[in-house]
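A quick write-up on the structure given underneath.
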Amino acid sequence: MDFLRQFREKGDTLPKILKHNARALGEALAIVEKRHGTWVSIDWHKYFNRVKEIAYGLLSLGLKKRDVVIIIGDSSSEWYFVELAIHSLGAVSLGMSPESKGSKLASITKKFDVRFIFAQDQEQVDKILKLKEDFPSLERIVYWKYRGLGRSSDTRLLGIKELVEMGRQKEIDDPDLIDNIIEDIDPDDPCTLVFTSGISGEPKAVLHSHRSILENVRRYLEVDTWKKTDRILPFFSPFGLVDKWFCLGCHLLSAATLYIGEDPRTYVEDMRESKPTVVFFPGYVWEKMVTRIEQRIRYSDPIKRFVYKSFTREKNEKKRSLLSNALEFLGFFLLYRPLKKYLGLLDARLCYNLGPVLSRKVFDFYHCIGVPLKNLYWTSETGFISVQRVIEAEPGSMGLPFRDIRVGITEKQELEVSGGYSFGTYADKQISIEGLGTKITFRTGDLGVVKLDGEIVVMGRREDFPINFHQEKFSTQVLESLLRLSATIKDAWVFGGGQGKPLAAIIIIDEDNVRKVMGEKGIHYFDSSELSQKEEVLDLVSEVLSSINNGVPPEVRILRYLVLPERFWVEDETVSFTRRLRKGYLLNVYREVIDGILKGLEKITIPLPGQSKKEEIDVRIMSLEGEEK
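For the sequence shown, my numbering begins at 3 and goes up steadily by one.
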């Protein structure tokens, strides 16, 4: 195709494509970043110059090819400048979530023999300085937000402005040096390390080359093409692989505009203002946006509630009539368009669920208001696998595989992917690039089917299938998605069901919403642990579970549950940085709790969360035996 040929002509590494854009597009818009409430524009020429300035600074520090450099912080233009500067010198970037603990940062620094860390601000720098003896290989900590860091006495600290000044003389002496290094980089050179989510076990470091990143992006763009007029606004800081594909690869190849919000806390407002055309979220974000809308409708006036229920009911009717079409037309202006605007999805034309599997209710909501939500199937190890081509497909459909990707199933119904480009490994402080760029075969850990036309249907993770229902496997992910749609529930983990045991759930309540409901009833509690065990709160949870149970077959109903008096946190490693439950880890941490629920106990004693002293709390185990459909 012509557009693919144009993509290849831009370059075979990320820095080469940036260099091409700087020359070809010059002052055209590249990045728009919100700073102190104002959107500030950065053109392609400034973008490339900024990358080169930082690259010269890194050369002056002694950065070598294939050195690993850590970046930690929120999404910002500086992150992208730094990452591409690292790639421009043939080094390897390793992005980390700003929620990463200092001890985790220290262990990774040791494992990869890291000499340089780029840290966003004082909060991230403090994580390192508090454990400075645990960073023996670290030579420099470069920060890009200066507040609170001007008076530090640690000689390893260096502001990014000072880094650029250090490289200024090198740039004067040899102004073409970075350009020449960029041209010498091979597409099979490693460029980034990413960690798997660690849902089933310990997170693994996966090494990708320029070729593996760009071939994934090109395969994807063959199906869903981006234009220069497209806009993206990343939700997470770009430590994950999807962010590398979209915010680096697709952004650079298509010359679409990268928008960067001011702060994670203002993301919703920033999204409404930037109006992204390409939107990609993990499943829990799509779920919580539905919950947010339904909460607003619940507390709106009776007319708005009536309009919402009437239009959504008509929209979801399979049989169309003249009245249905008229209501849909009217609903677009009275309901669907305002809802899309409120969610920041008014101009969205490509919308992706990055996993896990969502319930049909979520898809029905978005399709009802005209948001083209669909599944994008991928893994950190293989890259992009497939994408839905038809919007109105079943919720578990992942569509057809991308070019050169073949998907089969094993005897145990696990999806197996072949094709694509392999990933490397890192061991004994040496990057192993053996096999980088060669074809691979990889078992995804997902169970599913491949239809005769090649369509992939994912049912869920292998560990989420405790029971067979009518000779077919049933995933607990669907139940978890339905539970998270409730305003009462923040998170849920469904387990059991095997060997004659009932399905059970550990529930985390949404404290803000629950307190609001309790306040309406004149009940006020301020202790989180106490709140979770109050009869009125347990009744709320029971209502949610009963409603879900009444909509599913008896064999897959949740019959026992426990409300945990604490949240699952990234810091305690119970959830991944993308908020997916790390069920392999949870099984070990909550083994006694799980056993107690499945054995039929009425209560269990657990340590009280957040207490320095050893205090405990009795947690009730609730039963929903005898539910009738």
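Cβ coordinates follow ideal geometry from the N, Cα and C atoms, glycine included.
| message | Within the continuous beta strand (DSSP E) that includes C193, where are the two ends? | response | P192 to F197
Inset, instruction - Put L495 into one of helix, strand or coil per three-state DSSP. - result: The residue you asked about is not Leu; residue 495 is Trp in the sequence shown. It is a strand residue.
(request) Output yes or no for whether 7 Å exceeds the beta carbon distance between G462 and V359. (result) yes
- Message: Could you compute how far the alpha carbon of S625 sits from the alpha carbon of E413?
- Response: 37 Å
State the DSSP-derived secondary structure class of E394, mapped to helix, strand or coil. coil
- In whole angstroms, what separates the C-alpha of T490 from that of R294? 11 Å
Segment limits, alpha helix (DSSP H) that includes T293: G285 to R300
Sub-7 Å separation of L417 and G372 beta-carbons: no
inquiry  = Within 10 Å of its beta-carbon, does Q122 have 16 or more other beta-carbons around it, so buried, or fewer, so exposed?
reply    = Buried, since its Cβ has 16 or more Cβ neighbours within 10 Å.
| request: Could you please give me the residues that DSSP links to A506 through a beta bridge? | output: F497 and R562
Looking at the ligand MN, does it come within less than 6 Å of K21, judged from the CB to the closest heavy atom? Ligands in the displayed structure: none, and consequently the ligand MN is not present.
Considering only the alpha carbon of each residue, which of N355, L341 and K106 lies closest to D349? L341
key: Cβ pair I19, L254 closer than 7 Å   = yes
*For D512, which residues of its own chain have a beta-carbon under 7 Å away from its beta-carbon, when the five flanking residues on both sides are left out?*
A489, T490, I491 and K492
ask   = Measuring CB to CB, does S95 end up less than 7 Å from E80?
value = no
Between W228 and the rest of its own chain, which residues show a CB-CB distance below 6 Å, the 5 nearest in sequence each way excluded?
-> C252, S256 and A258
Helix, strand or coil: which one does DSSP assign to I608? strand
* 3-residue-minimum beta strand (DSSP E) runs that sit fully inside the region 187-257, ordered along the chain -> 192-197 and 207-211
Notebook entry, point to check: In whole angstroms, what separates the C-alpha of E436 from that of D175?
Noted result: A caution first: E436 carries a pLDDT of 47, below 50, which makes its placement in the model unreliable, though a value can still be read off. Rounded to whole angstroms, E436 to D175 spans 37 Å at the Cα level.
- Query: Does the distance from the C-beta atom of I411 to that of V452 stay below 7 Å?
  - Reply: Yes. Within cutoff.
- Message: Threshold first: 4 residues or longer. Then list the alpha helix (DSSP H) segments lying entirely within the region 28-98, N to C.
- Response: 46-63 and 79-90
Original post:
Mind pulling the alpha helix (DSSP H) runs of 4 or more residues that sit fully within the region 160-186?
Top reply: For the region 160-186, the continuous alpha helix (DSSP H) assignments of 4+ residues that do not extend past its boundaries occur at 162-175 and 179-186, in sequence order.
Next item on the list: Express the C-alpha separation of L151 and E264 in angstroms, rounding to a whole number.
Entry: For E264 and L151, the distance between alpha carbons rounds to 20 Å.
**Message:** Tell me the residue span of the alpha helix (DSSP H) that contains Y269.
**Reply:** Taken as a continuous stretch (DSSP letters only), the alpha helix (DSSP H) holding Y269 covers Y269 to S276.
Helix, strand or coil, according to DSSP, for E575 in the structure here? coil
- Would you call P403 buried or exposed, if buried means 16 or more other Cβ atoms sit within 10 Å of its Cβ? Residue burial annotation: P403 is buried, with at least 16 other C-beta atoms found within 10 angstroms of its C-beta.
When we look at the beta-carbon of S43 and count the other beta-carbons within 10 Å, is it buried (16 or more) or exposed? That one is exposed.
By a C-beta neighbour count over all protein chains shown, 10 Å radius and 16 as the cutoff for buried, is R220 buried or exposed? Per the 10 Å Cβ criterion, buried.
Give the C-beta separation of L487 and E289 to the nearest angstrom, bearing in mind that I take them to be a contact with Cβ-Cβ under 8 Å. Yes, they are in contact, since the Cβ atoms of L487 and E289 sit about 6 Å apart, within 8 Å.
**OP:** Determine whether the Cβ of I511 lies closer than 7 Å to any Cβ atom of chain D.
**Re:** Annotation note: the requested chain D is absent from the structure, which comprises a single protein chain.
| query | On the three-state DSSP scale, how would you describe G598? | reply | helix
Which ranges would you report for the alpha helix (DSSP H) in the region 343-372 if only whole runs of at least 4 residues count?
362-370
**Item:** With 16 other Cβ atoms within 10 Å as the buried cut-off, status of H526
**Value:** exposed
>> For a quick check, are the C-beta atoms of T268 and R351 less than 7 Å apart?
In response: no
Checklist line | Residue of K206, I596, D232 and L589 minimising C-alpha distance to Y261 | finding: It is D232 whose Cα lies nearest to the Cα of Y261.
Unbroken alpha helix (DSSP H) run spanning I130, endpoints: Q124 to L131
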